[in-house]
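In my numbering, the protein residues as written are 12 to 174.
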């Protein structure tokens, strides 16, 4: 059950995102899951909430945040090292990765992450060749298919996300 002033209706109502009567945003940890999900998808996120989303306990919320097109390079770097493979998978698809990040994803312990990076257009020939010889058949198949342009989606009132 949502607490008063913490659900998505209170966040989006009249464009006011301030805690009732305080003129300040509610503490991140006081927000319930539904409100955190709403913030992860909102087109504009205050810096203090962006920091909260990087260390969010709920993987679903971190996943929505990780799929945002407007992630900053430092946020991409943090999420690229996330312990949850789902978050690393979301980041591995991005068209703005650094060479070191691509290399790390090519060597990721999880085949789902290697599969995601195998289709990344930034992947070099040497990296693709390594993935073509991967121990996982699905990763090999994806690497042989070659690059796939990132797909995006945007819903009204939400940030643009990579699929």
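Don't be surprised by glycine CBs; every beta carbon is placed ideally from N, CA and C.
Asked                                                                                                                                                                   : Found
To the nearest whole angstrom, what separates the beta carbons of residue 124 and residue 100, a pair I think is in contact under 8 Å?                                  : 5 Å
List in chain order: all unbroken beta strand (DSSP E) runs of 3+ residues lying wholly within the stretch 67 to 153.                                                   : none
Between residue 173 and residue 105, which are expected to be in contact by the criterion C-beta below 8 Å, what is the C-beta distance as a whole number of angstroms? : 6 Å
For residue 11, name the three-state secondary structure that DSSP assigns.                                                                                             : In the structure as shown, the chain starts at 12 and stops at 174, and residue 11 therefore has no counterpart that could be examined.
Can the beta-carbon of residue 48 be found less than 8 Å from the beta-carbon of residue 71?                                                                            : yes
Taking C-alpha atoms, which residue in 95, 84 and 151 lies nearest to residue 117?                                                                                      : 151
Can you tell me whether DSSP reads residue 32 as helix, strand or coil?                                                                                                 : Because the pLDDT at residue 32 is just 42, under 50, the model does not fix this residue reliably, and the point stays unresolved.
For residue 98 versus residue 73, is the C-beta distance shorter than 8 Å?                                                                                              : yes
Just list the residues that DSSP pairs residue 164 with in beta bridges.                                                                                                : 172
How is the alpha helix (DSSP H) around residue 61 delimited, first residue to last?                                                                                     : 58 to 65
Mapping the DSSP letters down to three states, classify residue 42 as helix, strand or coil.                                                                            : coil
Counting only the same chain and skipping the five closest in sequence on each side, list residues whose C-beta sits under 6 Å from that of residue 54.                 : 170
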